[in-house]
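Asks: Supplied in structure tokens, the structure appears directly below.
So this is what it looks like as structure tokens:
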């Protein structure tokens, strides 16, 4: 296993996280629209997985077909949403309990 195989999945997740934040700050300014961010980052992750599959399939743990590559990309993209939520919960100040 090479270093590129190890970092390719986190790279997809980081790219999706950054693009999700970009959409949140620039495109989807209203809080009502934030519910679309997981769909957006999942789609971006799927597209990145497919692109990586056709460029160099060994980077996605030797994905056997494009469907597996898209699935890996979608899961990586959705992981960025979970990472964002994790950071928000860690940095969140405890509310006063009444």
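Numbering (this note's numbering), first residue to last: -6 to 91.
Ideal placement from N, C-alpha and C gives every residue a C-beta, glycine not left out.
DSSP three-state call for residue 74: helix, strand or coil?
Replies: Correct three-state label for residue 74: helix.
Asks: Within its chain, find whatever has a CB closer than 7 Å to the CB of residue 39; leave out the 5 residues flanking it on each side and keep chain order.
Replies: Cβ within range, chain order: 63, 66, 67 and 70.
Asks: Go to residue 46, then tell me how far its alpha helix (DSSP H) extends in each direction, as first and last residue.
Replies: 30 to 48
Asks: With a Cβ-Cβ cutoff of 7 Å, do residue 12 and residue 45 count as a contact?
Replies: At a Cβ-Cβ threshold of 7 Å, residue 12 and residue 45 do not count as neighbours.
Asks: By how many angstroms is the C-alpha of residue 34 removed from the C-alpha of residue 58?
Replies: Looking at the two C-alpha atoms, the distance is approximately 21 Å.
Asks: Where residue 9 and residue 83 are concerned, what is the direct C-alpha to C-alpha distance, given to the nearest angstrom?
Replies: 20 Å
Asks: With DSSP run on the structure shown, which of helix, strand or coil describes residue 6?
Replies: helix
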